[in-house]
Structure formats: structure tokens, C-alpha cells
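Enquirer: Sequence positions in the sequence shown follow mature numbering (1 follows the signal peptide of the UniProt record, and there is no 0) and run -20 to -1, 1 to 159.
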Amino acid sequence: MRLFAVFLILVTFVTACQTAFETEETSPQPVDDEGTQERDEEASNELRERDEVQEEEELLDVDLTSFANRQPNQWAETVSGVKTRLHTDEKVIALTFDACGGPYGNGYDEELITFLQTEQIPATLFFNERWILEHEDLLLELASDPLFQIENHGTAHVPLSVTGHSAWGIKGTSSLKRL
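1. Going by the beta-carbon positions, is the gap between F106 and A136 smaller than 9 Å?
2. Indicate the three-state DSSP secondary structure (helix, strand or coil) for A103 in the structure shown.
3. Contact defined as beta carbons within less than 8 Å: I believe residue 235 pairs with S141. What is the distance between those atoms, to the nearest angstrom?
4. According to the neighbour-count rule (16 or more other Cβ atoms, all chains shown, within 10 Å of its Cβ), is E5 buried or exposed?
5. Less than 9 Å between the C-beta atoms of L75 and I93, yes or no?
6. Would you call the CB atoms of L116 and G134 closer than 9 Å?
7. Are L119 and F47 touching if we call contact CB-CB under 9 Å?
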């Protein structure tokens, strides 16, 4: 359930970033003294940033009390309920790509994405928070393409656990709050 909440937060973030805002065109205003207009812009940017931080904090403030006494039923790379095969007689494949961010995975394969777009090949793209922070404009561009389904690949790129279990030699998260 917590994983769903994290996914919902990412979807909300992506959706919010795609929302178009109407702006009112104004003519330049005379400046009383040097720098007043710059100071006004700085103050406006500061208020906007503070509002964004507050909105993010509200999104992250999830009530976890209903999960406090629950124990996980499964821990593995493959668990029940997760599809790993497509049951069909058609020759199909599900393409998924991970953008993890960080020193070993912060790139972007423009040639691959262009090929998928040119050939009209749909794919699911999983983005990690680190990658998103470095490539926000690119994420929004990819998210606007109907060929691509955008999914959450986490924040710290560690296995999601409530008990600290490891996978692939990486220690997992150790509490509900860390999910």
C-alpha cells in the first residue's frame, strides 16, 4: 500500500509539472531605483519555492498508523500479484527501461528514444527521483508522448522493504516511513 502511495506522489508530481498555467501579459513597469525589479522577482521566486516545498511536504505527510502492526507476507524478487509473463498467442513484448540517476545511471539514450518514436514502439519508462531532478524538462517531454507510459522507480534506488531486507547486494529500506 505504501508503494502505491509513493507512486501516487510521483504521478501527482508529474501531473502537476505538466499543468499549464495561464499568465497575464503585462507591459514593463518603470523602476524607481536600480534593482527594484530584480528584488521583486527574487521575492516572487522565493515565495513560489516556499509554496512548492510546502506542497511537497503535504504530499509526503502520509498517515501510516493503519500499517503499524502489519507484517509483510512476502519478500523476494518475484512475488505473487506481479505479472512477469503476457499470456497471449500474439508475438508481443513489453519494453521497460529504467532511468536510475546517480553517478552510474544519469544518462539519456536519445538514439534509443528516437528509434522508439520513429517506429511507433510503445514502452514503459521508469524514472528515479535523482534522474528526474537532473532532467525535469526531458521527463515532461517524454511524459507528453502517448507512446510512453511513465512509472515510478523510487527515490534512492534501493529495494523497498519495511524490514531492511537486501536484494542484489543492496540493503533495502527499513521502515514504512523510508518507503
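Cβ coordinates follow ideal geometry from the N, Cα and C atoms, glycine included. Quantities reported herein were computed from a predicted structural model and do not represent experimental measurements.
Expert: Reading off the structure:
1. Counting from one through the sequence shown, the residue named residue 106 turns up at place 126. Counting from one through the sequence shown, the residue named residue 136 turns up at place 156. Their beta carbons are not under 9 Å apart, which means F106 does not touch A136 by this criterion.
2. Within the sequence shown, numbered from 1, the residue matching residue 103 stands at position 123. Three-state DSSP puts A103 in a strand.
3. The shown model of the chain, from -20 to 159, leaves out residue 235, and the question about it has no answer.
4. Position 25 of the sequence shown holds residue 5. Its pLDDT being 39, under 50, E5 is placed unreliably by the model, and the measurement read from it follows with that caveat. A residue is called buried once 16 or more other Cβ atoms fall within 10 Å of its Cβ, and E5, having fewer, is exposed.
5. Start at 1 with the first residue of the sequence shown, and residue 75 comes out as number 95. Start at 1 with the first residue of the sequence shown, and residue 93 comes out as number 113. Contact flag unset, no.
6. Reading the sequence shown from its first residue, position 136 is the one you call residue 116. Reading the sequence shown from its first residue, position 154 is the one you call residue 134. Note that residue 116 is Glu in the sequence shown, not Leu. Not closer than 9 Å, so no.
7. Numbered from its first residue, the sequence shown carries residue 119 at position 139. Numbered from its first residue, the sequence shown carries residue 47 at position 67. Going by C-beta atoms, L119 is not nearer than 9 Å to F47.
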